[in-house]
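Quick note: the sequence shown, position 71, residue 71 per the UniProt record's numbering, numbers continuous. Positions of the beta carbon are idealized from the N, C-alpha and C atoms, including for glycine.
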Amino acid sequence: MTTSIDAPRTVLVTGAGRGIGRGLALGLAAAGWSVALVGRTREHLEAVAAEIEQAGPPDGVRTLVLAVDVTDADGVRDVVATAERELDGLGLVVNNAGVIERTEGPFADDDVEDAWRVVEVNVRGPMVVTHAVLPGMVRRGGGRIANVNSGSGYHASRSYTGYGISKGALARLTTLVDAQYRDRGVRVFDVAPGVVRTDMTGSMPLHDDREEWTPVEASVDLLVGIGEGRLDALSGRFFRAGADTVDELVSRTDEILAADARRLRLVPYGDQDPLRT
Numbered sequence: 001m002t003t004s005i006d007a008p009r010t011v012l013v014t015g016a017g018r019g020i021g022r023g024l025a026l027g028l029a030a031a032g033w034s035v036a037l038v039g040r041t042r043e044h045l046e047a048v049a050a051e052i053e054q055a056g057p058p059d060g061v062r063t064l065v066l067a068v069d070v071t072d073a074d075g076v077r078d079v080v081a082t083a084e085r086e087l088d089g090l091g092l093v094v095n096n097a098g099v100i101e102r103t104e105g106p107f108a109d110d111d112v113e114d115a116w117r118v119v120e121v122n123v124r125g126p127m128v129v130t131h132a133v134l135p136g137m138v139r140r141g142g143g144r145i146a147n148v149n150s151g152s153g154y155h156a157s158r159s160y161t162g163y164g165i166s167k168g169a170l171a172r173l174t175t176l177v178d179a180q181y182r183d184r185g186v187r188v189f190d191v192a193p194g195v196v197r198t199d200m201t202g203s204m205p206l207h208d209d210r211e212e213w214t215p216v217e218a219s220v221d222l223l224v225g226i227g228e229g230r231l232d233a234l235s236g237r238f239f240r241a242g243a244d245t246v247d248e249l250v251s252r253t254d255e256i257l258a259a260d261a262r263r264l265r266l267v268p269y270g271d272q273d274p275l276r277t
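Encoded structure:
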């Protein structure tokens, strides 16, 4: 069931020129969403826009190419203003742009500057984009933000420390913004795409022997469900493409809420824990 949030069928996708972002943009356009393609390299974005047009999207679907580095606050504000003007508002924003360390290993073996680069892109980028889109969403009475996250943000890992830190911080951003703006109609979600075959995952020794990959279409299905408001009751929480489906999440809503599941929080050891909240 959809809600009364006034959210147009328009979406801004960061990192849309390659990898998962490209797949999300293509899938959302095919599902009837006008798409603002955001990324650093205009040539890549224009190629995705051409793919959308060649696929013959549904009537009324528009594409917009907006090249910017998502860590550039002034540039992002300009890009968001253009997207809102040209697409008559943004109903959904997908913070997908992200990077990972150049080498795999435990933290002492990392180049700490490279790890910090990962944190900056993966945290500052979504912060900057979210900060820019919130005023418009609030003015229109609502909107939805999906942060492309990872199980690495919730679980311990033996490598890619900067990436894990960044995704844990992103999960906290999801819960904070959702808590602060829920009453004003904004819903925020963590969506993990699983392990999609991309240049980035292909470069990771961790996946050298992998034979099963998560189809990007599974993430598209979750994002459509989010954009349509079917998962609003579960905002502030974590979904995993390839494991979760919209229908299953909807059917489990009462159970998830009763357990306060699928969100980053401190788990008490029992009723007598002084840190119980």
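query	result
Residue environment, Arg187, which counts as buried when at least 16 other CB atoms sit within 10 Å	buried
Buried or exposed by the 16-neighbour rule on C-beta atoms within 10 Å, applied to His155	exposed
Reduced DSSP category for Asp110 - H, G, I as helix; E, B as strand; rest coil	coil
Extent of the continuous alpha helix (DSSP H) run through Ile100	Neither: Ile100 is in no alpha helix (DSSP H) and is coded neither H nor E.
Euclidean distance between Cα positions of Gln54 and Pro274	60 Å
Cβ pair count under 8 Å reaching 3, the stretch 83-98 against the stretch 27-39	yes
Neighbourhood of Ala97 by C-beta, 6 Å cutoff - its chain only, sequence neighbours within 5 removed	Thr14, Gly15, Val70, Gly125
Cβ shell of Thr2 (< 6 Å), same chain only, five flanking positions each side left out	Note that Thr2 scores a pLDDT of 41, beneath 50, so its modelled location is shaky; the value from the coordinates is reported in the next line. Answer for Thr2: Glu228, Gly229, listed in chain order.
Length of the line joining the Cα atoms of Arg42 and Ala132	21 Å
C-beta atoms of Gly162 and Ala192 nearer than 7 Å	no
According to DSSP, residues forming a beta bridge with Ile145	Val93, Val188
Three-state secondary structure assigned by DSSP to Asp273	coil
Residue of Leu26, Gly151, Pro268 minimising C-alpha distance to Gly242	Gly151
Environment of Val76 [buried if 16+ CB atoms lie within 10 Å]	buried
Opening and closing residue of the beta strand (DSSP E) in which Ser34 lies	34-39
Residues near Gly23 by beta carbon distance below 8 Å, same chain, minus five either side	Val196, Val216, Glu217, Ser219, Val220
Among Arg9, Ala30, Asp74, the one whose alpha carbon lies nearest that of Gly91	Arg9
Close-in-space but distant-in-sequence residues of the same chain around Ala169 (CB under 6 Å, 5 per side omitted)	Val123
Helix, strand or coil at Asp232 according to DSSP, with G and I counted as helix	helix
Residue from Asp247, Gly185, Ala233 whose Cα sits closest to the Cα of Leu222	Asp247
Bridge partner(s) assigned by DSSP for residue 310	The chain is shown from 1 up to 277; residue 310 falls before or after that span and cannot be answered.
For Ile20, the nearest candidate out of Gly194, Leu176, Ala179 (CA to CA)	Gly194
Buried or exposed by the 16-neighbour rule on C-beta atoms within 10 Å, applied to Val112	exposed
Residue environment, Ser166, which counts as buried when at least 16 other CB atoms sit within 10 Å	buried
Distance cut-off 6 Å: Arg140 Cβ against heavy atoms of the ligand HEM	By its list of ligands, the structure shown contains no ligand whatsoever, and the ligand HEM lies outside what it can speak to.
Start and end residues, alpha helix (DSSP H) containing Leu257	253-258
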